[in-house]
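Read the structure below first, then the notes.
Number of protein chains: 2
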Amino acid sequence: MSNVAREPHGANLIAGERVVGTGASWHAIAAAGGAKLPGSFRDADDDQIDRALRLADESFDSFRATPVAVLEKFLEQIALEIEALGDALLQRAHEETGLPLARLTMERGRTMAQARMFAQVVREGSWVDAVIDTALPDRKPQPRPDIRRKLVPLGPVVVFGASNFPLAISVASCDTLGAFAVGCPVVVKAHPSHAGTCEMIAEAILSAGRACGLPAGFFSLVHGKEHGVGLALVRHPLTRAVAFTGSEKAGRALFDAAAARLEPIPVYAEMGSTNPIFVLPGALAERAENIAEGFVQSMSLGVGQFCTQPGLLIGVRSPEFSKTAASITEKAAKIPAATMLNAGICAGFHEGVAKVRAIPGVQVLTPETSEKSSATPVVVKVGARTFAANEALRHEVFGPFSIIIECDDLAEMLALARNLNGQLTATIHATAAELQEHATLVRILERKAGRIVFNGFPTGVEVCAAMHHGGPYPASTHSFFNSIGSSSLLRFVRPVAYQSFPDAALPLELQASNPRGIVRRVDGRVDK
Amino acid sequence: MSNVAREPHGANLIAGERVVGTGASWHAIAAAGGAKLPGSFRDADDDQIDRALRLADESFDSFRATPVAVLEKFLEQIALEIEALGDALLQRAHEETGLPLARLTMERGRTMAQARMFAQVVREGSWVDAVIDTALPDRKPQPRPDIRRKLVPLGPVVVFGASNFPLAISVASCDTLGAFAVGCPVVVKAHPSHAGTCEMIAEAILSAGRACGLPAGFFSLVHGKEHGVGLALVRHPLTRAVAFTGSEKAGRALFDAAAARLEPIPVYAEMGSTNPIFVLPGALAERAENIAEGFVQSMSLGVGQFCTQPGLLIGVRSPEFSKTAASITEKAAKIPAATMLNAGICAGFHEGVAKVRAIPGVQVLTPETSEKSSATPVVVKVGARTFAANEALRHEVFGPFSIIIECDDLAEMLALARNLNGQLTATIHATAAELQEHATLVRILERKAGRIVFNGFPTGVEVCAAMHHGGPYPASTHSFFNSIGSSSLLRFVRPVAYQSFPDAALPLELQASNPRGIVRRVDGRVDK
Numbered sequence: 001m002s003n004v005a006r007e008p009h010g011a012n013l014i015a016g017e018r019v020v021g022t023g024a025s026w027h028a029i030a031a032a033g034g035a036k037l038p039g040s041f042r043d044a045d046d047d048q049i050d051r052a053l054r055l056a057d058e059s060f061d062s063f064r065a066t067p068v069a070v071l072e073k074f075l076e077q078i079a080l081e082i083e084a085l086g087d088a089l090l091q092r093a094h095e096e097t098g099l100p101l102a103r104l105t106m107e108r109g110r111t112m113a114q115a116r117m118f119a120q121v122v123r124e125g126s127w128v129d130a131v132i133d134t135a136l137p138d139r140k141p142q143p144r145p146d147i148r149r150k151l152v153p154l155g156p157v158v159v160f161g162a163s164n165f166p167l168a169i170s171v172a173s174c175d176t177l178g179a180f181a182v183g184c185p186v187v188v189k190a191h192p193s194h195a196g197t198c199e200m201i202a203e204a205i206l207s208a209g210r211a212c213g214l215p216a217g218f219f220s221l222v223h224g225k226e227h228g229v230g231l232a233l234v235r236h237p238l239t240r241a242v243a244f245t246g247s248e249k250a251g252r253a254l255f256d257a258a259a260a261r262l263e264p265i266p267v268y269a270e271m272g273s274t275n276p277i278f279v280l281p282g283a284l285a286e287r288a289e290n291i292a293e294g295f296v297q298s299m300s301l302g303v304g305q306f307c308t309q310p311g312l313l314i315g316v317r318s319p320e321f322s323k324t325a326a327s328i329t330e331k332a333a334k335i336p337a338a339t340m341l342n343a344g345i346c347a348g349f350h351e352g353v354a355k356v357r358a359i360p361g362v363q364v365l366t367p368e369t370s371e372k373s374s375a376t377p378v379v380v381k382v383g384a385r386t387f388a389a390n391e392a393l394r395h396e397v398f399g400p401f402s403i404i405i406e407c408d409d410l411a412e413m414l415a416l417a418r419n420l421n422g423q424l425t426a427t428i429h430a431t432a433a434e435l436q437e438h439a440t441l442v443r444i445l446e447r448k449a450g451r452i453v454f455n456g457f458p459t460g461v462e463v464c465a466a467m468h469h470g471g472p473y474p475a476s477t478h479s480f481f482n483s484i485g486s487s488s489l490l491r492f493v494r495p496v497a498y499q500s501f502p503d504a505a506l507p508l509e510l511q512a513s514n515p516r517g518i519v520r521r522v523d524g525r526v527d528k
Numbered sequence: 001m002s003n004v005a006r007e008p009h010g011a012n013l014i015a016g017e018r019v020v021g022t023g024a025s026w027h028a029i030a031a032a033g034g035a036k037l038p039g040s041f042r043d044a045d046d047d048q049i050d051r052a053l054r055l056a057d058e059s060f061d062s063f064r065a066t067p068v069a070v071l072e073k074f075l076e077q078i079a080l081e082i083e084a085l086g087d088a089l090l091q092r093a094h095e096e097t098g099l100p101l102a103r104l105t106m107e108r109g110r111t112m113a114q115a116r117m118f119a120q121v122v123r124e125g126s127w128v129d130a131v132i133d134t135a136l137p138d139r140k141p142q143p144r145p146d147i148r149r150k151l152v153p154l155g156p157v158v159v160f161g162a163s164n165f166p167l168a169i170s171v172a173s174c175d176t177l178g179a180f181a182v183g184c185p186v187v188v189k190a191h192p193s194h195a196g197t198c199e200m201i202a203e204a205i206l207s208a209g210r211a212c213g214l215p216a217g218f219f220s221l222v223h224g225k226e227h228g229v230g231l232a233l234v235r236h237p238l239t240r241a242v243a244f245t246g247s248e249k250a251g252r253a254l255f256d257a258a259a260a261r262l263e264p265i266p267v268y269a270e271m272g273s274t275n276p277i278f279v280l281p282g283a284l285a286e287r288a289e290n291i292a293e294g295f296v297q298s299m300s301l302g303v304g305q306f307c308t309q310p311g312l313l314i315g316v317r318s319p320e321f322s323k324t325a326a327s328i329t330e331k332a333a334k335i336p337a338a339t340m341l342n343a344g345i346c347a348g349f350h351e352g353v354a355k356v357r358a359i360p361g362v363q364v365l366t367p368e369t370s371e372k373s374s375a376t377p378v379v380v381k382v383g384a385r386t387f388a389a390n391e392a393l394r395h396e397v398f399g400p401f402s403i404i405i406e407c408d409d410l411a412e413m414l415a416l417a418r419n420l421n422g423q424l425t426a427t428i429h430a431t432a433a434e435l436q437e438h439a440t441l442v443r444i445l446e447r448k449a450g451r452i453v454f455n456g457f458p459t460g461v462e463v464c465a466a467m468h469h470g471g472p473y474p475a476s477t478h479s480f481f482n483s484i485g486s487s488s489l490l491r492f493v494r495p496v497a498y499q500s501f502p503d504a505a506l507p508l509e510l511q512a513s514n515p516r517g518i519v520r521r522v523d524g525r526v527d528k
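Those sequence lines, one after another, are chains B and Y.
Per the working numbering, the very first residue in the first sequence carries number 1; after that it's consecutive.
Per the working numbering, the very first residue in the second sequence carries number 1; after that it's consecutive.
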């Protein structure tokens, strides 16, 4: 354990071994100021990628047979190893991403909590979703055989971490940890924008794996600044599934590559959304100031770099709504400029804002700034018809940017809701009476979003069993699946039915005596 | 109710209305003899397809709000309406498919049982998979909000029926019925090889819908002999998911079209497999004759036209294995020629067999026949190395065709298993002691198949909760999902999380008092 930052070795970590890439050398860049940070990295080549996947595949049978107690210990050990990285981890992540140390400290806590949540999932064991239909030997016209189904792991999983959560949605994300929990080996593509942080977390995972005697190959980390590395990982014949969090453009490119394979595999891409907030008149009458305050906090939190950042605020024209817009503007204008995750994201933000500014009918509320190396909140206002007529306004501008949309009436608000793209979240601010009266809005949003928030704000995704972090395209590439919380593991499993097996040859979870004591559905009844 | 066959009207059924297609007129063809059957059909055009999907979408909010008691009644009514079609249905299906009346009578029973199974699923209600994490207002550093998740229907679903089950896996399949059970409107593309049967079942569904006052648009049937109709259905922007059972070529074409959409949608294609059977020496020593008998019955059942038809029998060279092969040959040769589902399938069978015959090292065991308008069982034998060296042998030949593969030893058998494609089923014949000793084979097959059968045969797919009818590609396009049994409905839903909702505004299944009395997971514990 050391709190002294050391220079990253910069090598790929292939089945526990340091293997220096053969691509051109590159450096991680300080988010603030753009200086080269210590340590140089090289992209993995095709042979190295092949080696990572082959060793992952070779480790699979051994890894998935890991005893429950060991796997549980391993996941808990990951939390301890991450903690043991101490301030050096937070410092490196801060330098690479520009995120404040206080935020990173909280994010580290969330990352450790994720590992412990999956340890609990492994211990409890019911995730296998055991369903048992016992034999009916006397049934006419034919007897029913004994059929027992459970979920089994898919095999090697490739994970692409997000730029905006260098700890909780990167190397030790619910993607990686969920795959481990079900027994899938994982190959992570390190995010080039925080490659040093990735290396540290990867070493923590490897250390936990060694402590628990896991087979080499259960985990690899490969570097790739060029898109070719990611595509090669997705196209590798041994890859069984892919988890990705990032931009729509990159996610779609990986999805397309996977769909074009001889044997297609799922790419579960979480690609963000504009997270609309609908404000009904009664809520404004009751607490306009409170809504304005919460909205500005949520839209600017982490320099607006959240998948669930609310990019749209939708209300009906009224003096109260105008006052709320003015209050939002005033509060947003007070927020100081802040460093974004990297220069590319910062440039993308300013380009996105410039494009929106240029659309006729868009009224920019916040003061313009010429400073392009950081970001301040930008709030604009449009009428509902202008919004409907401009496809560009429907796409996410990643960063602290929001559009206030003024509708003529509630009917126009509902029409706007019906025309939204798929969303991770949608939020309604209303009185309880309004929510009942305008149940239609809820019904519409059930078709659009993965999570519907009442009188709150969408940022702050709770890591729990009931969470759904996903949604209709382009929020995600498959709306059944979730990337945060325990149900994220469903992306890495598939059912197998065992027909007429002798009890002793069945997996433990399906044996008659239920030796693992899990929740099962037996002949139509829940049984524990 | 009438047992007198009437001539099909041949029109598309769009939201309950007969709409004659604008394509060229075509007839259903008698499977036996090739005569034109009464009734002429025309393909739907793009406007008609658009109308079916638009009306499906317009009906969605009303259809998914159908009270549970009405939806349950509707599904039960479908069973009654199908029964009320009487012998006329069986007669038409017999003429169109060549399947014997006794088989069709059983298949009708299965179809009715499917409708009743989904009625029961609707009544019971736990399919929504309710997960509740209650608020922790005092949690530090932040309070946890109340989050409640359930599954909601996707919207309009397009279903393509299979040629080989004109009743149970066609218009009233687990695809259609599962979609109805969760509240999704359905547009079925009628199978051109049994278009008259499709029309009759569609009328039965519409009649049940009228009896229950369901909204127009909840169901449409469109005809399409040309591939363009299917592609237009998949590409329509309002289509939310597609279920298909059929050939790998057709399934992949639909999958590719869906993946290439601006907004990709899932195509759940079940495309069949070669369903290997592994025979271990101990089982042969105990009951070789029994295995030979069961194998021939299973491979020739329904003229071999089952998705789970066992196309491979794999054993280790021995006098007993040779004797078993001889016994299989003898029994197979006694099976009379039979009519296949249609001329195209019959031609495909004979072409597939001819291709295999031409491969050096393939020994044809059954007598050759020059009759190409029907099919008799064909059994060939190859060594494991010949099998491994010829990609063509790994693909399904649809019909009563099986390959007996002789391995030098168990190691070669395991190597062969490792190199199999994805499968719907894999079967092991072994003594209980052998199954324990060769657990490696089970581990390998868990990576290959959706269902593993012990000492049985894969044909005869039980329609129940524990069934999994699916598997790794090319058995299906998404190995998580199933097309037969109650879990087939998972293809037509996605989760929505409700955050901080007032109790009264929540869906019934998530309200505090659990008014539907369903099984729920509340704060990590199963609760009913």
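Ideal Cβ positions, reconstructed from N, Cα and C, are used throughout, including at glycine.
C-alpha gap between V382 of chain B and V356 of chain B, whole angstroms:
As a position in the first sequence, residue 382 of chain B is number 382, starting the count at 1. As a position in the first sequence, residue 356 of chain B is number 356, starting the count at 1. Rounded to the nearest angstrom, the two C-alpha atoms are 10 Å apart.
Based on the DSSP output, what are the partners of K140 of chain Y in its beta bridges?
Sequence index remark: in the second sequence, residue 140 of chain Y carries index 140 (1-based). Its beta-bridge partners do not exist; DSSP assigns none.
With C-beta atoms as the reference, is E412 of chain Y less than 8 Å away from S273 of chain Y?
Here the question's residue 412 of chain Y lines up with position 412 in the second sequence. Here the question's residue 273 of chain Y lines up with position 273 in the second sequence. Not in contact: E412 of chain Y and S273 of chain Y (Cβ atoms no closer than 8 Å).
Against chain Y, which members of the segment 338-353 of chain B pass a CB distance test of less than 8 Å?
Legend: CB atoms of the segment 338-353 of chain B lying less than 8 Å from CB atoms of chain Y are not found in any residue.
Would you tell me roughly how many angstroms separate the C-alpha atoms of A15 of chain B and L177 of chain B, rounded to the nearest one?
Within the first sequence, numbered from 1, the residue matching residue 15 of chain B stands at position 15. Within the first sequence, numbered from 1, the residue matching residue 177 of chain B stands at position 177. Answer to the nearest angstrom: the Cα atoms are 17 Å apart.
Taking 8 Å as the threshold (C-beta atoms), are V187 of chain Y and L37 of chain Y in contact?
Residue numbering aside, residue 37 of chain Y sits at position 37 when the second sequence is read from its first letter. Residue numbering aside, residue 187 of chain Y sits at position 187 when the second sequence is read from its first letter. No; because the gap between Cβ atoms is not below 8 Å, this pair is not in contact.
Hey, quick one: how far does the alpha helix (DSSP H) through D57 of chain B stretch, first residue to last?
For the purposes of this step, residue 57 of chain B is taken as the residue at position 57 of the first sequence. That run of the alpha helix (DSSP H) goes D46 to R64.
Could you check which residue in Y:F218, Y:G422 and Y:L151 has the C-alpha nearest to that of R447 of chain Y?
The residue labelled residue 447 of chain Y in the question sits at position 447 within the second sequence. Put simply, of Y:F218, Y:G422 and Y:L151 the residue whose alpha carbon is nearest the alpha carbon of R447 of chain Y is Y:G422.
Taking the DSSP output, what are the residues bridged to R148 of chain B?
The residue you call residue 148 of chain B lines up with position 148 of the first sequence. R148 of chain B is bridged to B:I132 and B:Y498.
Is G302 of chain B helix, strand or coil by DSSP?
If you number the first sequence from 1, residue 302 of chain B lands on position 302. G302 of chain B sits in a helix when the DSSP states are folded into three classes.
Rounded Cβ spacing between V157 of chain B and A243 of chain B (contact assumed at less than 8 Å)
What you label residue 157 of chain B is simply residue 157 of the first sequence in a count that begins at 1. What you label residue 243 of chain B is simply residue 243 of the first sequence in a count that begins at 1. That pair is a contact at about 7 Å.
Taking S479 of chain B as the query, report the chain Y residues whose CB atoms sit under 7 Å from its CB, ordered along the chain.
In the first sequence, counting from the first residue as 1, residue 479 of chain B sits at position 479. Using a Cβ-Cβ cut-off of 7 Å, S479 of chain B is close to R494 of chain Y, given in chain order.
Between B:R491, B:A388, B:A337 and B:P360, which lies nearest to K372 of chain B when the distance is taken from Cα to Cα?
As a working note, residue 372 of chain B is residue 372 in the first sequence. Nearest neighbour of K372 of chain B by Cα position, chosen from B:R491, B:A388, B:A337 and B:P360, turns out to be B:A337.
Among the residues of its own chain, which have a CB less than 6 Å from the CB of V522 of chain Y, if the five just before and after it don't count?
Taking the first residue of the second sequence as 1, we reach residue 522 of chain Y at position 522. When the five nearest sequence neighbours on each side are left out, the beta carbons in the same chain lying within less than 6 Å of the beta carbon of V522 of chain Y are those of I132, in order along the chain.
Against chain Y, does S500 of chain B count as a neighbour if the rule is that its beta carbon must be under 8 Å from one of theirs?
Position 500 of the first sequence, counting from 1, holds the residue named residue 500 of chain B. At least one beta carbon of chain Y lies nearer than 8 Å to the beta carbon of S500 of chain B.
Any contact of the segment 447-457 of chain B with the segment 427-437 of chain B, i.e. 3+ C-beta pairs under 8 Å?
Under the 8 Å Cβ criterion, the segment 447-457 of chain B counts as touching the segment 427-437 of chain B, having at least three qualifying pairs.
From the beta carbon of R521 of chain B, is the nearest beta carbon of chain Y less than 8 Å away?
For the purposes of this step, residue 521 of chain B is identified with residue 521 of the first sequence, where counting begins at 1. At least one chain Y Cβ lies under 8 Å of R521 of chain B.
Inter-residue Cα distance where the pair is G524 of chain Y and V121 of chain B
If you number the second sequence from 1, residue 524 of chain Y lands on position 524. If you number the first sequence from 1, residue 121 of chain B lands on position 121. So the two alpha carbons sit approximately 10 Å from each other.
C-alpha distance - T39 of chain B paired with G10 of chain B, whole-angstrom precision:
For the purposes of this step, residue 39 of chain B is taken as residue 39 along the first sequence, with counting starting at 1. For the purposes of this step, residue 10 of chain B is taken as residue 10 along the first sequence, with counting starting at 1. The sequence shown places Gly at residue 39 of chain B, rather than the Thr named in the question. Those two C-alpha atoms are separated by around 6 Å.
Since T329 of chain B is in the alpha helix (DSSP H), which residue starts that stretch and which ends it?
Walking along the first sequence from the start, residue 329 of chain B turns up at place 329. Annotation: the continuous alpha helix (DSSP H) that includes T329 of chain B extends over P319 to A333.
If you run the structure through DSSP and keep just helix, strand and coil, what is G352 of chain Y?
Your numbering for residue 352 of chain Y matches position 352 in the second sequence. DSSP, reduced to helix, strand and coil, places G352 of chain Y within a helical segment of the structure shown.
Does the CB of H468 of chain B have a neighbour CB from chain Y at under 8 Å?
Numbered from its first residue, the first sequence carries residue 468 of chain B at position 468. Yes, H468 of chain B counts as interfacial toward chain Y.
Nearest neighbour of Y498 of chain Y, chosen from Y:D146, Y:R123, Y:L80 and Y:S59 [CA to CA]
If you number the second sequence from 1, residue 498 of chain Y lands on position 498. The option with the nearest alpha carbon to Y498 of chain Y is Y:D146.
For E293 of chain B, which residues in chain Y fall below 9 Å Cβ to Cβ?
Residue numbering aside, residue 293 of chain B sits at position 293 when the first sequence is read from its first letter. Within chain Y, no residue comes near E293 of chain B; the closest Cβ sits about 17 Å away, beyond 9 Å.
Tell me, which residues are paired with N12 of chain B by DSSP?
The sequence position of residue 12 of chain B within the first sequence is 12, counting from 1. DSSP, once it has assigned bridges, lists B:V19 as partnering N12 of chain B.
Apply the 10 Å Cβ neighbour rule to D43 of chain Y and answer buried if 16 or more other Cβ atoms are within range, or exposed otherwise.
Position 43 of the second sequence, counted from the first residue, corresponds to residue 43 of chain Y. The residue is buried, with at least 16 neighbouring Cβ atoms inside 10 Å.
Can you tell me where the beta strand (DSSP E) with Q77 of chain B in it begins and where it stops?
Indexing the first sequence from 1 puts residue 77 of chain B at position 77. Per DSSP, Q77 of chain B belongs to no beta strand (DSSP E); it is in the alpha helix (DSSP H), V68 to A84.
Between the CA atoms of T339 of chain B and T376 of chain B - distance to the nearest angstrom:
Here residue 376 of chain B refers to the residue found at position 376 of the first sequence. Here residue 339 of chain B refers to the residue found at position 339 of the first sequence. Looking at the two C-alpha atoms, the distance is approximately 9 Å.
Distance between R443 of chain B and M112 of chain Y (C-alpha atoms, nearest Å)
Residue numbering aside, residue 112 of chain Y sits at position 112 when the second sequence is read from its first letter. Residue numbering aside, residue 443 of chain B sits at position 443 when the first sequence is read from its first letter. In a straight line, the C-alpha of M112 of chain Y is about 32 Å away from that of R443 of chain B.
Candidates B:S220, B:K323 and B:V316: closest to E293 of chain B by CA position:
Sequence index remark: in the first sequence, residue 293 of chain B carries index 293 (1-based). For the residues B:S220, B:K323 and B:V316, the minimum Cα distance to E293 of chain B belongs to B:K323.
Can you tell me the Cα-Cα spacing of T66 of chain Y and L233 of chain Y, whole angstroms?
Walking along the second sequence from the start, residue 66 of chain Y turns up at place 66. Walking along the second sequence from the start, residue 233 of chain Y turns up at place 233. Straight across, the Cα-Cα distance linking T66 of chain Y with L233 of chain Y is about 25 Å.
What three-state label does DSSP hand M1 of chain Y in the structure shown?
Here residue 1 of chain Y corresponds to residue number 1 of the second sequence, with the count starting at 1. Residue placement at M1 of chain Y is poorly supported in this model, since its pLDDT is 43, which falls under 50; the coordinates still yield a value, given next. DSSP places M1 of chain Y in coil when its eight states are reduced to three.
In angstroms, rounded to a whole number, what distance separates the CA positions of A389 of chain Y and A439 of chain Y?
Here residue 389 of chain Y refers to the residue found at position 389 when the second sequence is read from its first residue. Here residue 439 of chain Y refers to the residue found at position 439 when the second sequence is read from its first residue. Between the alpha carbons of A389 of chain Y and A439 of chain Y lies a distance of about 26 Å.
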